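In my numbering, the protein residues as written are 0 to 57.
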């Protein structure tokens with residue numbers, strides 16, 4: 000298997016800076032979910048939209 004790496008979470012200011020920089024990116028929602036609730040890449044890629052309302056902007 001691969002080498003285990005120590006994971007160091009972002010500081011609050013770093014997280015805010017990341018989300019501000021990603022705001023215009025088409026994957027912004029994925030960055031929001033990853034930063035705010037800790038979803039990993041595989042979990043983000045497995046999400047599905049099951050209702051038409053999730054396709055509409057709030």
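Just so it is clear, CB atoms sit at the ideal spot from N, CA and C, and this is done for glycine as well.
None of the values given here were measured: they were computed from a predicted structure.
For residue i versus residue j, is the C-beta distance shorter than 7 Å?
{"i": "residue 44", "j": "residue 34", "result": "no"}
{"i": "residue 27", "j": "residue 21", "result": "yes"}
Helix, strand or coil: how does DSSP classify residue i here?
{"i": "residue 38", "result": "coil"}
{"i": "residue 21", "result": "helix"}
{"i": "residue 26", "result": "coil"}
{"i": "residue 44", "result": "helix"}
{"i": "residue 9", "result": "coil"}
Quick one: what's got a C-beta closer than 6 Å to residue i's C-beta in the same chain, skipping five residues either side?
{"i": "residue 14", "result": "34"}
{"i": "residue 5", "result": "none"}
Residues in its own chain within less than 7 Å of residue i by CB, not counting five upstream and five downstream?
{"i": "residue 10", "result": "none"}
{"i": "residue 31", "result": "18"}
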